[in-house]
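Colleague: In short: position in the sequence shown from 1, add 686, done, that's my numbering.
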Amino acid sequence: MTDDPLQEAARWGARLAEVLCDVGRRAGELAELVARDWPDPRGREWAERTSVLCSLLGREATTAAELGESYARQAADAPTPPLPATGGAGRRTGMRLGGTDAQRTDDERGMRIAELDPPPSG
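1) Going along the chain, which residues of its own chain have a beta-carbon closer than 7 Å to the beta-carbon of A713, five neighbours each way excluded?
2) Helix, strand or coil for G796 per DSSP?
3) If you count every other CB in all the chains shown that lies within 10 Å of the CB of V705, and 16 or more means buried, which is it?
4) What is the DSSP secondary structure of P727, reduced to helix, strand or coil?
5) Quick one: residues in its chain with C-beta nearer than 8 Å to the C-beta of G729, no 5 flanking neighbours on either side, listed in chain order?
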């Protein structure tokens, strides 16, 4: 795992597309089985419904893949952040928001005073 949210989103979109594609393929197989094993009008209706589901899943898989590719392009074009100053090495700066999992974003507590890098000597 990486800390880059764009790369994470790109991987998530690609994985979602794979899963939707797989489920769509299985729905298509189910539609064929229903059509073959249930040849009356009711069976044809269910086969058609399942076939429509297969098509919808295929479209959603395409959309998820496009979304993942879009995030991948954004991640590739994103500038790399500069390395932190030696005084704050390994520490993130800026506001950190908590998630919905009711856990703290970090163990630091209390007020934080903004710090500036020392002026360049010379």
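Glycine is no exception: its CB is placed at the ideal position from the N, C-alpha and C atoms.
Modeller: Well, looking at it:
1) Position 27 of the sequence shown, counted from the start, is the residue given in the question as residue 713. Taking C-beta separations shorter than 7 Å and ignoring five residues to either side along the sequence, the partners of A713 in its chain run T736, L739, C740 and L743, following chain order.
2) Here residue 796 refers to the residue found at position 110 when the sequence shown is read from its first residue. Looking at G796 - three-state DSSP - the assignment turns out to be coil, as it is neither helix nor strand.
3) By 1-based counting over the sequence shown, the position of residue 705 is 19. Classified as exposed, V705 has fewer than 16 neighbouring CB atoms from the shown chains inside 10 Å of its CB.
4) Here residue 727 is taken as the residue at index 41 of the sequence shown, counted from 1. Of the three classes helix, strand and coil, the one that applies to P727 here is helix, per DSSP.
5) For the purposes of this step, residue 729 is taken as the residue at position 43 of the sequence shown. The residues are V720, A721 and D723.
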